[in-house]
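**Q** Numbering that gives the first Met the number 0 numbers the first residue of the sequence shown as 0 and each following residue consecutively. For glycine and all other residues, C-beta sits at the position ideal for the given N, C-alpha and C. For clarity, every value in this text was computed on a predicted model and none was experimentally measured.
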Amino acid sequence: MNSLFAKLRQSEIALSIGIVGVLIILFVPLPSWMLDFFFALNITFSVVILFTVLLIQKSLEFSVFPLVLLVTTMFRLSLNVASTRLILSEGHNGSAAAGKVIETFGHFVMGGEFIIGLILFIILVIVNFMVVTKGSGRIAEVSARFTLDSLPGKQMAIDADLNAGMITEEGARERRKELEEETGFFGAMDGASKFVRGDAIAGLIITAINAVVGVSIGMVSHDMSFDAVSDAYLLMTIGDGLVAQIPALIISISAGILIAKSGDDKAVGNAIYQQLGTNHQTFFMVASVLFLIGTIPNMPGLMFWALSGASGYYGYYLMQKKDAEKQAEENAKTESKAEEVATAATKEEDSLTEALAIDTLKIELGYGLLKLVEASKGGRLMEQIKSMRRQLAREVGFVVPNIRIRENMQFEPGGYAISIKDIEIARSGLEADKLLAMDPTGTSLPINGIDTIEPTFGLPAKWIDENQREEASFNGYTVVDCSTVITTHMTEIIKDNMPDLLTRNEVEKLIEDLTPNHEKLIEELIPAKLTVGTFQRILQNLLEERVSIKDLPTILEALSDAVIKTQDVTALTDLVRTRLSRQICHGYVNHEGIIPVISLSAAWETEFLGAQDGLNVAMEPSKVQGFLKAAKDKIEHAMAQGLNPVILCSASSRRMVRTVTSRAMPQVPVLSQNEIHAKVNIKTISSI
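1. Quick one: complete alpha helix (DSSP H) runs, 4+ long, within the segment 587-675?
2. Excluding the 5 residues flanking W304 on each side, which residues of the same chain have their C-beta closer than 8 Å to its C-beta?
3. Taking C-beta to C-beta, are T477 and A156 nearer than 8 Å?
4. Can you tell which of I548, Y587, H585 and N589 has the C-alpha that lies nearest to the C-alpha of V575?
5. Once the 5 residues before and after F74 are set aside, which same chain residues still bring their CB inside 6 Å of it?
6. DSSP on S62, reduced to helix/strand/coil?
7. According to DSSP, simplified to helix, strand and coil, what is M298?
8. Sorted by chain position, which residues of the same chain lie with C-beta nearer than 8 Å to A344's C-beta, five sequence neighbours on each side aside?
9. Between R405 and the ligand COA, is the CB less than 7 Å from at least one heavy atom?
10. Are there 16 or more other CB atoms within 10 angstroms of the CB of T483, so buried, or fewer, so exposed?
11. Buried or exposed: where does P65 fall if 16 or more other Cβ atoms within 10 Å of its Cβ makes it buried?
12. Taking the C-alpha atoms as reference points, what is the distance between F456 and Q666?
13. Would you grab the beta carbon distance between I417 and H517 for me? Rounded to a whole angstrom, and I think it's under 8 Å.
14. Is S652 closer than 8 Å to E591 when the C-beta atoms are compared?
15. Indicate whether the contact test is met: 3 or more Cβ pairs, each with one atom in the segment 566-586 and one in the segment 658-676, closer than 8 Å.
16. Mind checking whether I492 and A425 have CB atoms under 8 Å apart?
17. Check K461 in the structure and name its three-state DSSP category.
18. Straight-line CA distance for Y587 to A570?
19. Three or more C-beta pairs closer than 8 Å, one from the segment 235-243 and one from the segment 206-216: is that the case here?
20. What do you reckon, are the CB atoms on L500 and V399 nearer than 8 Å?
21. With C-beta atoms as the reference, is Q535 less than 8 Å away from R503?
22. Is the beta carbon of L34 less than 8 Å from the beta carbon of L76?
23. With R403 as the anchor, note down where its beta strand (DSSP E) starts and where it stops.
24. Look up T683 in the DSSP assignment and say whether it is helix, strand or coil.
25. Which value, in whole angstroms, describes the spacing of the CA atoms of I204 and D198?
26. DSSP has V479 in a bridge; who is on the other side?
27. Where are the beta strand (DSSP E) runs, 3 residues long or more, that stay fully inside the segment 465-541, in chain order?
28. Using only the alpha-carbon positions, how far apart do T277 and F184 sit?
29. Assign D450 to buried or exposed, taking buried as 16 or more other Cβ atoms, counted over all protein chains shown, within 10 Å of its Cβ.
30. Let me check one thing: in DSSP terms, what residues is R426 bridge-paired to?
31. Taking the beta strand (DSSP E) that L371 belongs to, which residues open and close that run?
32. By a C-beta neighbour count over all protein chains shown, 10 Å radius and 16 as the cutoff for buried, is G365 buried or exposed?
33. Across which residues does DSSP place E363 in a beta bridge pair?
34. Just to confirm, is the Cβ distance from K682 to I593 under 8 Å?
35. Based on Cα-Cα distance, which residue from N447, I446 and D464 lies nearest to D429?
36. Can you name the start and end residues of the alpha helix (DSSP H) that T43 belongs to?
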């Protein structure tokens, strides 16, 4: 028996049994006591749904609502069918023939008058069908359309946050999953709203059938007077309609609330209080209006004056609370200033020492951008930089140095500069109070804004106001704030200069962290066969072409095997790249599972091999320009087709080809045939 109850508690079995039960109710006559139980259960379900909707934080927390709506609608209609069967077949036996619930609702609402009950029933149907259901259905329809239209922009925003280091791969997957759930939810709610409208119409038709057919059966088949028919058939008809429409109205209200709160992440009560009950000026005005209404002749003034007094008192309470919070904030500022004065002397001494130090990574901001680093003013730059450093550490295999942020009063208000080891690498300008809208595909609809160039990738963009964010996203733009622009720019600069950031100390720290688990491997190689400096240069060579060094054990194993053959740093690097072929290829595989490649013709292979002069390329400048032009044309043609190709050549010429392309096309990877992993598919799209 216990195992049986345990199985019944499983949601899948319980749902299946419930749906089968609904179908049984449609065809099998029920006794009146069982019908009472099911009507009570129906009311219970509707109240549970209502309070669930009121207490959840986000609409997606109740993503199964469309399914619940379908099941409850079918359950309610099956009860209507069962009650109709009892009313028409047993109605001549009295008003209790269809159960106590229907009889009680009929007596309570009608109060002995059939017309009163009928009018109340019609009002409930109109409220449900014309007001609640129609409004929530329209909201669901618009929400579904706008959610689908904004889907590409939201997906690009997730990619932009991931590239900027604001979120991790896991976070990006969760946000994409949530985006898919949101799209499916609003699409389902758009269709589910039709269930509610159909339910209201069906309830009205069933009530009309019960009334007309019930009166006919009572007067013709059972020779009952109209008064007797009214006391039995009509009372049960109105009671049946009410006991069905009240839960339907509750669920319709729940649907409306759930859809209407889609853009808010708070419970309904909290959201209403925060937006409606926190402004003291509002309640002072309300108190004044209520007091004036109470002075109108023959108006129940005492009632309005009492409400006026309550509103005024609540407004006074809010004003006092706001003043207390303001005073507490001022006290905190005073204490903070005192602490700053107390530590000023120490900081002055420290600043002299700091002036001699070199900042490995530095961002200088104009005074108009300083609010980006102030969390109290909504600044997110510091948090984004922390996330970016964590993301880069996971990607490349070592922790980049701290990034110092300084104010530079010589800059324009919106200017900023990025420096590495006190050498300025990039400088640009931002509109501090605006958002940057980028059109990565070049197909977005026009939008008003200030034309500009995105500083990281050189894309055409526009500066727009905050209130244009939704319009821009809807039109296909990727919209980011100033903090994200700076973080993205910093990320790309760090990736381009990774070799300079991997210092000797950092390499020694990597070796030290790896020693506990790979002690013998390290003792065998460093420093017995390979110095720390040589190992550093090999890692720098890998980072120069954006090859991650996080798999240090594999790199060390490859070097342990290769160092027997050669001590040349370039040759050792190429041998390590071959061992890392799976990792390298993984970064270039597209969504179809292949790497699109542009191969090097035999003529150019011969040309490069003949121009080899140690680590240099002894090739005529005209030939170099010709090669770069041909390569650029092929790459641009491939990118126009949505492909990100790599250049594929022989192992002997790879280093020279990379040397030539690194200045003109640093983002284009160059792989040798030895670096293509055996389990990776490639597709040659063209040849140079």
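**A** Taking the definition as stated:
1. 601-609, 620-639 and 653-663
2. The residue given as residue 304 occupies position 305 in the sequence shown. Hits under 8 Å: L289, F290 and G293.
3. To locate residue 477, count along the sequence shown from 1; it is residue 478. To locate residue 156, count along the sequence shown from 1; it is residue 157. In this structure, A156 lies closer than 8 Å to T477 by Cβ.
4. The count along the sequence shown starts at 1 and reaches residue 575 at position 576. With distances taken between Cα atoms, V575 lies closest to I548.
5. Counting from one through the sequence shown, the residue named residue 74 turns up at place 75. Answer for F74: V21, listed in chain order.
6. Against the sequence shown, residue 62 aligns to sequence position 63. Note: S62 maps to coil in three-state DSSP.
7. As a first step, residue 298 is located in the sequence shown; it is residue number 299 there, counting from the start. In the structure shown, M298 sits in coil (DSSP, three-state: anything other than H, G, I, E or B).
8. One-based indexing of the sequence shown puts residue 344 at position 345. Residue placement at A344 is flagged as unreliable, the pLDDT there being 48, under the threshold of 50; a coordinate-derived value is accordingly withheld.
9. Only the bare structure without any ligand can be found here, which leaves the ligand COA out of the picture.
10. Counted from its first residue, the sequence shown places residue 483 at position 484. Classification of T483: buried, given that the 10 Å Cβ count is 16 or more.
11. Numbered from 1 along the sequence shown, position 66 holds the residue referred to as residue 65. Answer is buried; the Cβ neighbour count reaches 16.
12. Locating residue 456 in the sequence shown gives position 457, where the first residue counts as 1. Locating residue 666 in the sequence shown gives position 667, where the first residue counts as 1. So the alpha carbons of these two residues sit roughly 11 Å apart.
13. Taking the first residue of the sequence shown as position 1, residue 417 is located at position 418. Taking the first residue of the sequence shown as position 1, residue 517 is located at position 518. Rounded to the nearest angstrom, the Cβ distance from I417 to H517 is 36 Å, too far for a contact under 8 Å.
14. Along the sequence shown, one-based indexing puts residue 591 at 592. Along the sequence shown, one-based indexing puts residue 652 at 653. No, the Cβ-Cβ distance between E591 and S652 is not below 8 Å.
15. yes
16. In the sequence shown, the residue the question calls residue 492 occupies position 493. In the sequence shown, the residue the question calls residue 425 occupies position 426. Against a cut-off of 8 Å, the Cβ pair of A425 and I492 comes out as a contact.
17. Within the sequence shown, residue 461 is the residue found at index 462, counting from 1. Here K461 sits in strand by DSSP.
18. Here residue 587 corresponds to residue number 588 of the sequence shown, with the count starting at 1. Here residue 570 corresponds to residue number 571 of the sequence shown, with the count starting at 1. Whole-angstrom Cα-Cα distance: 23 Å.
19. yes
20. In the sequence shown, the residue the question calls residue 500 occupies position 501. In the sequence shown, the residue the question calls residue 399 occupies position 400. It is a contact, given that the beta carbons lie within the stated cut-off.
21. Taking the sequence shown and counting its residues from 1, one reaches residue 535 at position 536. Taking the sequence shown and counting its residues from 1, one reaches residue 503 at position 504. Against a cut-off of 8 Å, the Cβ pair of R503 and Q535 comes out as a contact.
22. The count along the sequence shown starts at 1 and reaches residue 34 at position 35. The count along the sequence shown starts at 1 and reaches residue 76 at position 77. No, the pair does not count as a contact, with Cβ atoms beyond the cut-off.
23. Mapped onto the sequence shown, residue 403 falls at position 404. Counted as a single uninterrupted DSSP element, the beta strand (DSSP E) harbouring R403 occupies residues I402 to E406.
24. Position 684 of the sequence shown holds residue 683. Strand, per DSSP.
25. Along the sequence shown, one-based indexing puts residue 204 at 205. Along the sequence shown, one-based indexing puts residue 198 at 199. If you take the alpha carbons of I204 and D198, they lie about 10 Å apart.
26. Residue 479 sits at position 480 when you count from the first residue of the sequence shown. DSSP lists L435 as partners of V479.
27. 477-479
28. Stepping through the sequence shown from its first residue, residue 277 is reached at position 278. Stepping through the sequence shown from its first residue, residue 184 is reached at position 185. One C-alpha to the other measures close to 32 Å.
29. As a working mapping, residue 450 is identified with position 451 in the sequence shown. Classification of D450: exposed, given that the 10 Å Cβ count is below 16.
30. Taking the sequence shown and counting its residues from 1, the one referred to as residue 426 is at position 427. Partner(s): A416.
31. Your numbering for residue 371 matches position 372 in the sequence shown. Going by DSSP, L371 is part of no beta strand (DSSP E) at all; its letter is neither H nor E.
32. Position 366 of the sequence shown, counting from 1, holds the residue named residue 365. G365 should be labelled buried.
33. In the sequence shown, the residue the question calls residue 363 occupies position 364. The partner list for E363 (beta bridge, DSSP) reads R405 and A416.
34. Mapped onto the sequence shown, residue 682 falls at position 683. Mapped onto the sequence shown, residue 593 falls at position 594. For K682 and I593, yes; Cβs fall inside 8 Å.
35. In the sequence shown, residue 429 corresponds to position 430, counting from 1. Just to set this straight, residue 429 is Leu in the shown sequence, not Asp. Looking at the Cα atoms, D464 is the closest of the given residues.
36. Your numbering for residue 43 matches position 44 in the sequence shown. Start and end: S31 to L54.
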